[in-house]
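>
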Amino acid sequence: MRPGSRWGVLGQRNFRLLWTGETASGLGNGLTTVALPLVAVLVLQASSFAVGLLAAAVWLPWLVVGLPAGAWVDRLRKRPVMITCNCVSAVAYTSVPVAAWLDLLTLAQLFVVALVCGVASVFFNTAIHAYVPVVLSGRDLVDGNAKLQVSEAGTRVLGRGVAGFVAQLCGAVTGLLIDAATFVVSTVCLLGLRVREATPVAPAQRPNLAKEIGVGLRFVAHDPYMRSMASYGATVNLALMGYQAVQVVFLVRTVGVSTGAIGVLVMAASLGGTLGALLAAPLSRRWGTARAFLVMQVLSCPFALLLPLATPGAGLLLFGGGAFMLGVGIAVGNVIVGSFRQGYCPPEILGRVASTVMAINQGTISIGSVLGGLLSAEIGIRPTMWVMASLLAPCWLILYLGPMRRVRDLPQAYAPEPSMAASAD
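Have a look at this one:
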């Protein structure tokens, strides 16, 4: 953080533009989280299984192209990759309201849009994770990641809350048109950045793609901190998406919530995420990064058990309260883990390490979405919520059994053992 800067890293022009673009995109993503399943449920009368598959389609690309994406991104300049991804997503989301207005919208088109935007998201998220250290110096990473996480969670609060009301007033498809506009705003901000990226190594000087992917995989598999975090993230995401894939159907058809109220309930997790992102830095300073991460997961994960208890009226507070506390814990973890990974990993393999971790974590999202849809069709929607909540509640044990319970702070730089250094060459 610059001395005397009242706004921290927001006082830096380049980061301010990056943050503004991400804030706009976060608003659109918040709208889409609610709007896309609402389009399927309200416009196309899709089943709970189809809604689960639709949620899975957004995340399936992480399983298919997540690993090679990191190797490709390491070969390219990051900003052009992000701009291209924004443009593709804007066009794809715009196609949904256009097709709906022409009475041509089908469930197949929603699946295609979800897959296309999912692929764009893989490359964008991999690129921006490697791009933040280009914009910010090492000492500013925690502050920068915290502000990005706050804006992401805050805009999702607004986006998810607005989505239900937009659907009620203007139709479910309108939210996707707003999302498309946010990608345009993000692109304009990226175009205004004045940052010189290091020239990537020419492809001819690199090993083949499989070997490059292997570097990222070995790093995550052999490092105890990265392995523990990746295992925890994968399990949490599996359970989270298992219930989130059917939560709109649960709230509409099982609990009987109006479309306007759905946005308010779903945004509770983002409200918690905003608070968690704000707490991440002070908790890390007071308790240490490792302890803050572990303690907040121990405190927040059991609140998942409140979600299936939701009933009409006052019983909705159980759903909102559970989602809020989960959001707090997840946001604290996201800030700490993201900053740790950016400072800990060698810069030349950061894209591959980031894509490996995200492929593992985000890949289980698609599995969880399909699993949620399948279970809801077989055992019912509320029992499915119970299964996923019961899986999520004890997830903190994965971290407790790893190295984090023995240290106050996560290490700031990677110190390879001789055998690992040899294997990464």
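If you're matching positions, the sequence shown starts at 1 in the working numbering and goes up one per residue.
Even glycine gets a Cβ: it sits at the ideal position worked out from N, Cα and C.
(1) Quick one: Cα of Leu240 to Cα of Thr364, how far?
(2) Go through the region 301 to 388 residue by residue and report every complete run of the beta strand (DSSP E) that reaches 3 residues or more, in order.
(3) Just curious, the alpha helix (DSSP H) that Leu104 is in, first and last residue?
(4) Using 8 Å as the threshold, is the C-beta distance between Gly118 and Ala57 below it?
(5) With a CB to CB cut of under 7 Å and the five nearest residues on each side skipped, what residues in its chain are close to Arg408?
(6) In this structure, how does DSSP classify Met296 when only helix, strand and coil are distinguished?
(7) Within 10 angstroms of the Cβ of Asp223, are there 16 or more other Cβ atoms? Answer buried if so, exposed if not.
(8) Beta carbon of Lys147, beta carbon of Val51: below 8 Å?
(9) What does the alpha-carbon distance come out to for the pair Ile349 and Pro80?
(10) My assumption, with CB atoms under 8 Å, is that Gln342 sits in contact with Gly66. Please give the rounded CB distance.
(11) Below 8 Å between beta carbons: does that hold for Pro97 and Leu176?
(12) Measure from the alpha carbon of Ser376 to the alpha carbon of each residue in Val39, Phe49, Arg13, Leu44, then state which is nearest.
(13) Closest to Arg75 by C-alpha separation, out of Trp59, Val116, Phe123, would be which residue?
(14) Looking only at C-alpha atoms, which of Val34, Val255, Ala40 sits nearest to Phe111?
(15) Drop a sphere of 10 angstroms on the beta-carbon of Ser25, count the other beta-carbons inside from all chains shown, and report buried for 16 or more, exposed for fewer.
(16) Starting from Gly66, trace the alpha helix (DSSP H) both ways and give me its first and last residue.
The relevant details are as follows:
(1) 10 Å
(2) none
(3) It is not in any alpha helix (DSSP H) - Leu104 carries neither H nor E in the DSSP assignment.
(4) yes
(5) Gly288, Ala290, Arg291
(6) helix
(7) buried
(8) no
(9) 19 Å
(10) Their Cβ separation, rounded to whole angstroms, is 18 Å, which puts Gln342 and Gly66 out of contact at 8 Å.
(11) yes
(12) Phe49
(13) Phe123
(14) Ala40
(15) buried
(16) 48 to 75
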